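Chemist:
In the numbering used here, the protein residues as written are 115 to 269.
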């Protein structure tokens with residue numbers, strides 16, 4: 115092989131490697147930006163839920179007409195716990211296979227079960243098309259249905 119051919123081949127290899135590394139870096143940056151955006155939006159949602167679950171005047175503005183404001187505030191506090199678990203799961207902080215355990219622990223709390231009974235269907239609609247969200251919703255729904263009190267009420 116001639117020296118010029120070898121130099122050109124080496125240059126092409128370096129260029130290709132640089133392009134692959136650059137493309138990988140761009141994908142990684144986009145993924146990290148999406149994660150930062152999701153964390154920012156989650157923080158906003160959790161802040162809103164914290165305010166709504168502790169401020170009766172604010173909760174009164176948003177409470178469904180058929181629901182007592184105090185009950186609505188309790189359900190929003192339960193929603194906040196569920197959202198915290200959801201973001202932990204989404205960011206990979208819930209170990210593989212442990213989500214059902216966490217969901218069962220949440221559903222031991224009566225207010226979490228009441229929240230899920232009232233708004234679980236809405237959460238399922240919201241998760242449609244998001245594979246991870248749909249999985250999370252199915253696991254929580256299963257935990258709510260499998261809780262001994264929920265089973266006793268169903269019979």
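Heads up, the beta-carbon is just placed ideally off N, CA and C, and yes, glycines get one too. Keep in mind the model is a prediction, meaning the values are calculated, not measured.
Can you grab the Cα-Cα spacing for the pair residue 191 / residue 143, in whole Å?
Modeler: Approximately 34 Å between the Cα atoms of the pair.
Chemist: Is the separation between the beta-carbon of residue 194 and that of residue 163 shorter than 9 Å?
Modeler: Yes, these two residues count as a Cβ contact at 9 Å.
Chemist: What residue range does the alpha helix (DSSP H) around residue 240 cover?
Modeler: Start and end: 224-241.
Chemist: Look at the alpha carbon of residue 171 and the alpha carbon of residue 189, and state the distance between them as a whole number of angstroms.
Modeler: In a straight line, the C-alpha of residue 171 is about 16 Å away from that of residue 189.
Chemist: Using 8 Å as the threshold, is the segment 206-218 in touch with the segment 234-248, meaning 3 or more CB pairs across them?
Modeler: Segments in contact, no.
Chemist: Using the beta-carbon count (16 or more within 10 Å), is residue 261 buried or exposed?
Modeler: The residue is buried, with at least 16 neighbouring Cβ atoms inside 10 Å.
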